[in-house]
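All remarks here apply to the structure that follows.
In the working numbering, the protein residues as written are 9 to 329.
Structure, rendered in structure tokens:
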């Protein structure tokens with residue numbers, strides 16, 4: 009087997025789950041999609057072998073593109089919220105490429121349309137620099153820049169910037185978190201699945217009420233619980249402020265897209281929250297931000313779509329060259 013022989017393996021490797029799919033023809037979306045629990049496997053190669061054996065009839069791919077939730081150094085990866093680390097060369101595939109997970113999500117953006125997106129305010133999404141961000145096990149950020157022959161993705165670790173706080177309640181939450189052992193509260197500490205849990209606990213202390221220990225899933229599902237509802241509202245507001253900061257940093261006039269594992273479960277609550285108001289609330293750049301469209305990605309496994317698109321583009325270059 010040589011490089012770029014079909015099928016190809018694509019993957020979205022997060023801190024909790026590893027999502028895999030096969031690309032069986034040039035330009036096709038992934039098929040044979042399966043989600044494996046990361047904790048069930050000691051290493052990424054073990055998870056890959058399990059997927060290929062159980063969900064792909066034991067095929068051997070000619071190329072692989074892995075989107076990983078963590079920093080990349082050449083052929084090496086280290087997940088931020090998982091012990092998995094190593095080299096993509098360990099997979100013994102003719103052609104292997106690593107992308108940051110939100111770099112892959114950025115590559116997917118031109119391929120999303122219609123029901124793949126839920127509009128969250130502002131004008132329609134358009135050509136130009138795009139930003140994508142979203143809470144899951146962590147908080148990812150990426151960008152997409154128009155280039156002469158398509159698009160260039162921009163990876164980053166923007167989720168680790170300092171937390172954006174504006175309202176008095178938010179400053180009180182940060183003080184509580186600092187008193188609990190987080191002297192430097194970064195955005196990911198509150199704008200993520202685990203961050204929802206931290207917000208819920210901190211808000212209970214700020215409000216002077218007792219609160220049960222709840223998971224992120226519990227918090228977003230308890231619609232009639234006042235503290236859970238307040239937690240989600242604070243979460244969405246702070247996310248709006250963070251998204252506005254990302255839009256300004258990248259000059260993302262082509263649109264800001266929200267992804268990750270948390271938001272697709274609370275689409276209507278995001279739409280009716282203070283997200284968009286906080287997104288445009290910068291006193292010096294309100295007009296600039298108001299002219300930027302925002303949308304929530306609800307397409308299944310969009311990072312796999314991005315990884316497949318990256319491989320297709322690379323394969324076409326090899327064929328032309």
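Built from N, CA and C at the ideal position, the CB exists for glycine as well.
Helix, strand or coil: which one does DSSP assign to residue i?
i: residue 24; result: coil
i: residue 135; result: coil
i: residue 311; result: helix
i: residue 275; result: helix
i: residue 125; result: strand
i: residue 292; result: coil
i: residue 285; result: helix
i: residue 323; result: helix
i: residue 260; result: coil
i: residue 115; result: helix
i: residue 99; result: helix
i: residue 120; result: coil
i: residue 11; result: coil
Spell out the partners DSSP gives residue i in its beta bridges.
i: residue 265; result: 140 and 303
i: residue 104; result: 72
i: residue 16; result: 31 and 71
Please state if the CB of residue j and the CB of residue i are separated by a distance shorter than 7 Å.
i: residue 312; j: residue 38; result: yes
i: residue 149; j: residue 167; result: yes
i: residue 245; j: residue 282; result: yes
i: residue 172; j: residue 253; result: yes
i: residue 211; j: residue 178; result: no
i: residue 137; j: residue 265; result: no
i: residue 19; j: residue 74; result: yes
i: residue 72; j: residue 128; result: no
i: residue 260; j: residue 115; result: no
i: residue 34; j: residue 229; result: no
i: residue 199; j: residue 193; result: no
i: residue 30; j: residue 267; result: no
i: residue 130; j: residue 302; result: yes
i: residue 11; j: residue 118; result: no
i: residue 26; j: residue 46; result: yes
i: residue 269; j: residue 151; result: no
i: residue 208; j: residue 181; result: no
i: residue 161; j: residue 221; result: no
i: residue 224; j: residue 205; result: yes
i: residue 262; j: residue 157; result: no
i: residue 56; j: residue 99; result: yes
Going by CA-CA distance only, name the one from the options that's closest to residue i.
i: residue 84; options: 282, 52, 212 and 166; result: 52
i: residue 285; options: 299, 14 and 220; result: 299
i: residue 123; options: 324, 321, 94 and 310; result: 310
i: residue 331; options: 95, 89, 71 and 231; result: The structure shown does not extend to residue 331, since the chain is modelled only from 9 through 329, so no value can be given for it.
i: residue 50; options: 23, 63 and 125; result: 23
i: residue 32; options: 14, 304 and 21; result: 14
i: residue 275; options: 305, 288, 287 and 289; result: 305
i: residue 277; options: 257, 287, 268 and 242; result: 242
i: residue 291; options: 301, 249 and 54; result: 249
i: residue 121; options: 133, 99 and 324; result: 133
i: residue 289; options: 247, 271 and 91; result: 247
i: residue 40; options: 125, 104, 21 and 60; result: 60
i: residue 165; options: 69, 142, 175 and 68; result: 142
i: residue 169; options: 197, 159 and 156; result: 197
i: residue 91; options: 70, 48, 125 and 109; result: 48
i: residue 79; options: 99, 258, 107 and 57; result: 107
i: residue 21; options: 315, 296, 188 and 203; result: 315
i: residue 258; options: 272, 296, 271 and 279; result: 296
i: residue 322; options: 294, 66 and 104; result: 104
i: residue 54; options: 279, 93, 159 and 176; result: 93
i: residue 183; options: 67, 62, 66 and 213; result: 213
i: residue 28; options: 109, 97 and 89; result: 109
For chain D, check one thing: does any of its Cβ atoms lie closer than 7 Å to the Cβ of residue i?
i: residue 216; result: The structure shown contains no chain D; it is built from a single protein chain.
Can you list the alpha helix (DSSP H) stretches of 4 or more residues lying completely in the region 19-97, in chain order? Counting whole runs of 4 or more residues, the region 19-97 contains the alpha helix (DSSP H) stretches 52-63.
Which parts of the region 207-256 are runs of the alpha helix (DSSP H), unbroken and 4 residues or longer, counting only runs that do not cross its ends? Counting only runs of 4 or more, we get 224-229.
Could you pull out every unbroken beta strand (DSSP E) segment of at least 3 residues lying fully inside the region 147-216, listed in chain order? List check, beta strand (DSSP E) in window: 147-155 and 158-162.
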